[in-house]
Each structure stands twice: as structure tokens, then as C-alpha cells.
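When the letters of the sequence shown are read in order and numbered with the working numbering, they come out as residues 10 to 278. Don't be surprised by glycine CBs; every beta carbon is placed ideally from N, CA and C.
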Amino acid sequence: LGLKGEDQFSNIFGARTFVNWYNGHPDFSNDERFVPDLSGDTAIVLGQGNVAIDCARILTKPIDELARTDIAKHALELLSQSKIKNVKVVGRRGHVQAAFTMKELRELTKLNGVGCVIDPLELERGLTQASLKEIENMRPKKRMNDLLQKVASQIGTEQRKNKVIELRFLLSPKEIIGQDGKVNSLVLERNELIGEAFEQLASPSGEIETHDCSLLLRSIGYKSLPIDGVPFDTTRNVASNVGGRIITENESESGLASMYASGWLKRGP
């Protein structure tokens with residue numbers, strides 16, 4: 010993340026590390042460095058792909074249901090003692106741009122004893138003209154929007170649940186605050202969407218929020234690094250490209266006219 014406090018405080022993990030831990034990967038199962046402290050009540054997951062949703066599900070799913078899965082024994086034992094009651098899944102852009110799939114989202118809304126909370130105002134802020142165009146052109150996005158709007162309309166019913174998962178949108182992390190060497194809270198800045206459909210970016214608004222956070226998980230993909238001699242967009246952290254084809258100021262430059270990028274180097278994390 011490159012945030013102030015990230016290397017200073019404990020109980021901050023990449024989602025890959027957390028997933029490897031609860032799946033019993035031998036390099037992570039018996040190493041104390043990778044064992045999360047679940048004694049606090051609030052976890053924040055940064056990112057809104059399926060891995061982020063999976064992390065939230067593992068942290069909140071009833072222990073008797075987890076016991077019927079192939080989750081690692083050491084993880085099941087620790088999760089059975091977990092004090093975490095609130096998990097916030099935070100994304101820097103709007104709900105239309107979220108990367109999780111309908112299947113994962115629907116399962117999240119049906120967890121026994123777990124309320125799913127979405128702020129209808131955040132959905133409204135994310136429905137820019139460009140976002141509406143994205144919904145119009147992609148049927149899965151329309152179905153996702155319909156489900157999220159339905160969940161948001163039920164805000165308040167989560168008070169009857171034992172645990173809560175909050176899906177938060179248009180927020181970027183700014184600073185990690187700790188106490189006694191461990192993460193204690195996370196400073197977030199509200200964003201606004203700018204740009205054309207399918208190319209919208211998160212632009213900071215200057216509005217700041219501070220949230221309690223006893224466990225922080227990063228699930229934001231991988232940040233690409235520049236390659237010598239290849240044009241690089243430092244704002245989006247991608248190779249400068251159109252449809253994957255590297256673009257340069259001088260198209261005749263040797264070796265670049267037929268060079269292409271893919272994956273995160275093409276589209277960003």
C-alpha cells in the first residue's frame with residue numbers, strides 16, 4: 010500500500026498470506042509471523058475482488074459451518090475463538106467497478122447470523138453517467154447493481170445479527186494508526202469517480218474518515234513496476250497502452266511498435 014504506519018504495526022497481512030494460512034499452506038501454517046490476531050472486534054479488507062469477499066466470509070461464517078469444510082485445523086481452532094464482529098470490505102471506486110462476481114456476493118448476503126450492510130448514499134454517488142453506461146452495456150453489472158440496491162434498502166436489519174459485513178465504496182486508505190505496536194485504526198479518504206465509461210478513476214475529495222481496525226488485510230492485486238525503455242503510466246501503474254498495444258510518442262521506435270502488455274501490466278491492479 011505504501012502507507013504511513015504499514016511497516017510499523019503488526020496484524021497487517023496480504024490476502025494471499027491470510028488465504029495460505031487458513032488453507033494450511035506448509036510455509037504459512039507453522040510460522041507465527043503469519044498467524045492473525047483475532048482478539049479485536051473489527052477487521053478491514055482493502056479491495057473488492059472475489060478474494061476480498063472470501064476473506065470476509067471466512068472471518069464471519071459460523072464456526073459449525075466452517076467445520077464442515079476442508080479449512081485447516083489450526084485455522085478453525087483460532088477462528089472459533091475470534092472476537093471479530095464487524096468486517097468492512099473497502100473499495101476505492103464505486104460498486105459498478107467492483108470486481109467480485111454475482112455468485113460470491115450472493116453467498117455473502119446469505120450467511121447465517123451475518124448482516125450485510127451497504128450505504129445507499131454510496132451507491133448513489135457511484136452511479137455517474139459513465140457508470141450508468143457501464144450497467145447498460147453489461148448485463149452482469151445490471152444484476153449486481155440490482156442486488157446491491159436491494160441489500161442497501163434493508164439497512165437497519167443487521168442489528169438482529171451476530172456479525173456484520175459492510176461493503177464500503179469510493180474510499181482509499183491514507184494512513185494506518187497503531188497502538189502498542191499493533192494496527193488500531195485506518196484513515197480513509199472519500200473519492201469521486203471521474204472519466205469515461207470503463208475508464209473511470211478514483212479522484213480524492215479531501216473528505217477524511219477514521220475507522221477502528223484491529224486486523225487489516227490487503228487484497229488489491231499487484232502493482233506493476235516500470236520496465237526500462239517501455240513507456241509507463243505512473244498514475245495508473247500500467248504500461249502505456251491502447252487495447253494492450255504499447256503506445257509511444259514515436260511509433261517507429263525500434264522494438265516498441267509491436268510490443269504488447271497483458272494482465273495487471275495492461276489494466277492495473
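Minimum C-alpha distance to residue i - residue among the options
i, options, result
"histidine 104", "Asp128, Ile186, Gly215 and Glu86", "Asp128"
"isoleucine 255", "Met153, Tyr231 and Met268", "Met268"
"glutamate 198", "Arg101, Val239 and Pro149", "Arg101"
"leucine 226", "Ile21, Ile144, Lys150 and Ile72", "Ile21"
"phenylalanine 43", "Ile53, Thr26, Ala81 and Leu55", "Thr26"
"glycine 277", "Leu120, Lys232 and Thr257", "Lys232"
"arginine 152", "Lys112, Ser181, Lys191 and Gly165", "Lys112"
"glycine 187", "Gly272, Asn32 and Gly49", "Gly49"
"valine 99", "Asp16, Thr51 and Trp273", "Thr51"
"isoleucine 72", "Lys172, Arg245 and Phe109", "Lys172"
"lysine 170", "Val126, Ala211 and Val192", "Val126"
"aspartate 63", "Leu176, Leu157 and Gln163", "Leu176"
"lysine 119", "Thr69, Glu184 and Ile53", "Thr69"
"glycine 190", "Thr219, Leu10, Gln163 and Gln17", "Gln17"
"glutamate 218", "Ile236, Leu12, Glu208 and Glu184", "Glu184"
"alanine 65", "Tyr31, Asp242 and Thr137", "Tyr31"
"valine 192", "Pro35, Ile53, His34 and Gly33", "Ile53"
"alanine 24", "Gly253, Gly252, Gly230 and Thr137", "Gly230"
"leucine 114", "Pro35, Lys150, Glu74 and Thr243", "Lys150"
"valine 160", "Leu141, Ser212, Asn121 and Leu117", "Leu117"
"asparagine 121", "Glu133, Lys92 and Glu74", "Glu74"
"glycine 238", "Val251, Thr257 and Gly252", "Thr257"
Residue i (DSSP reduced to helix, strand or coil)
i, result
"cysteine 125", "strand"
"aspartate 221", "strand"
"leucine 55", "strand"
"alanine 248", "strand"
"proline 149", "helix"
"serine 267", "coil"
"arginine 177", "strand"
"lysine 13", "strand"
"proline 45", "coil"
"phenylalanine 18", "coil"
"lysine 170", "coil"
"glycine 187", "strand"
"glycine 23", "strand"
Residue j beta carbon less than 9 Å from that of residue i
i, j, result
"valine 60", "valine 28", "yes"
"alanine 81", "serine 19", "no"
"glutamate 145", "leucine 179", "no"
"leucine 195", "arginine 245", "no"
"proline 240", "serine 249", "yes"
"alanine 206", "glutamate 143", "yes"
"proline 182", "leucine 87", "no"
"glycine 204", "alanine 270", "no"
"valine 123", "isoleucine 174", "yes"
Pairwise C-alpha distance: residue j and residue i
i, j, result
"aspartate 221", "aspartate 46", "15 Å"
"glutamate 201", "glycine 58", "20 Å"
"serine 223", "serine 214", "26 Å"
"methionine 147", "glutamine 158", "17 Å"
"glutamate 41", "lysine 275", "36 Å"
"glutamate 262", "isoleucine 236", "Any reading at glutamate 262 is ruled out, since the residue's pLDDT is 49, under 50, leaving its predicted position unreliable."
"tryptophan 273", "serine 89", "36 Å"
"glycine 14", "leucine 234", "22 Å"
"arginine 77", "isoleucine 164", "30 Å"
"alanine 107", "glycine 11", "22 Å"
"glycine 135", "phenylalanine 109", "16 Å"
Any chain B beta carbon closer than 9 Å to residue i
i, result
"serine 194", "The structure shown contains no chain B; it is built from a single protein chain."
Any non-hydrogen atom of the ligand HEM within 8 Å of residue i CB
i, result
"leucine 226", "In terms of ligand content, the structure shown is empty, and the ligand HEM therefore cannot be addressed."
- request: Only counting runs of 4 or more residues, tell me where the alpha helix (DSSP H) segments fall wholly within the region 97 to 143, in order along the chain.
  value: 111 to 118 and 129 to 135
field: Residue ranges of each beta strand (DSSP E) within the region 194 to 242, 3 or longer
entry: 210 to 221 and 224 to 227
- request: Output the residue ranges of the alpha helix (DSSP H) runs that lie fully inside the region 47 to 96 and measure 4 residues or longer, sorted by chain position.
  value: 59 to 69, 72 to 75 and 82 to 88
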